[in-house]
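To keep things clear, I will list the structure first and then write my remarks on it.
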Amino acid sequence: MKLSILALLAFLMSTQVSSAQTKNANTDGLDAMQEMSLLSKKKWDWMSEKNVDSLSALFHEKAVFVHMGGSMSREQELNTIKSGGIHYKKAEIQNVTVNIIDHTAIVLSKIRLLAVVGGNEVTNPFVVTEVYVKQNDKWMLGSLSFTRLLGN
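Residue numbers (mature numbering (1 follows the signal peptide of the UniProt record, and there is no 0)): -19 to -1, 1 to 133.
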């Protein structure tokens, strides 16, 4: 009888420990998703402000950027922002989803982007795909791709 009670107590304690570990894992995942949403928003703010120093720290050295007219390297993107070749004036973020896979975060944002491109102000609806990699406990942007949506 004592053995049965001890076995039951051990079972109940292991269930509580397992439940606590699951809650922590879910909280950590939620925190990472919130962190990535905020980091993505900061990135849009830095792009609008032409804050090349902050963007330079965020963009991985091997990052690639895909625009409607072609692709750019990290240095090309930073130089384009710095020179005003593209001025990301305002990104109206309509929806964001974040998927975390190991040390990779995929952020999909539906935005309405007001930008100045080649001296012309344009507004376009996009789905933007941002891929971040975590290195040394720091998220770095590895890829940013714009997909223009049809219609408004």
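Glycine included, each C-beta is placed from N, C-alpha and C at the ideal position.
Where does the unbroken alpha helix (DSSP H) through E58 begin, and where does it stop?
Counted from its first residue, the sequence shown places residue 58 at position 77. For E58, the enclosing alpha helix (DSSP H) begins and ends at R55 to S64.
Cβ of M28 within 7 Å of Cβ of Y69?
Your numbering for residue 28 matches position 47 in the sequence shown. Your numbering for residue 69 matches position 88 in the sequence shown. Yes, they are a contact pair.
Note down, in chain order, each residue of its chain lying with its Cβ closer than 6 Å to the Cβ of G123, except the 5 sequence neighbours on either side.
On the sequence shown, residue 123 is found 142 positions in, with the first residue counted as 1. Same-chain partners within the cutoff: H41, A44, V112 and V114.
How far does the beta strand (DSSP E) with L94 in it extend, from its first residue to its last?
Against the sequence shown, residue 94 aligns to sequence position 113. Segment T85 to V98, the beta strand (DSSP E) holding L94.
With distances taken from CA atoms, which of T85, V108, K91 and T128 is nearest N117?
For this step, residue 117 is matched to residue 136 along the sequence shown. Answer by Cα proximity: T85.
Could you give the distance in angstroms between the alpha-carbon of L130 and the alpha-carbon of V97?
Taking the first residue of the sequence shown as position 1, residue 130 is located at position 149. Taking the first residue of the sequence shown as position 1, residue 97 is located at position 116. Between the alpha carbons of L130 and V97 lies a gap of roughly 18 Å.
Look at V88 and S21 and say whether their C-beta atoms are less than 7 Å apart.
Here the question's residue 88 lines up with position 107 in the sequence shown. Here the question's residue 21 lines up with position 40 in the sequence shown. Their beta carbons are under 7 Å apart, which means V88 touches S21 by this criterion.
From the DSSP secondary-structure annotation, give me the bridge partner or partners of Q116.
Here residue 116 refers to the residue found at position 135 of the sequence shown. Answer is K119.
K70 by DSSP, collapsed to three states: which one?
As a first step, residue 70 is located in the sequence shown; it is residue number 89 there, counting from the start. Assignment of K70 by DSSP, reduced to helix, strand and coil, places it in the strand class.
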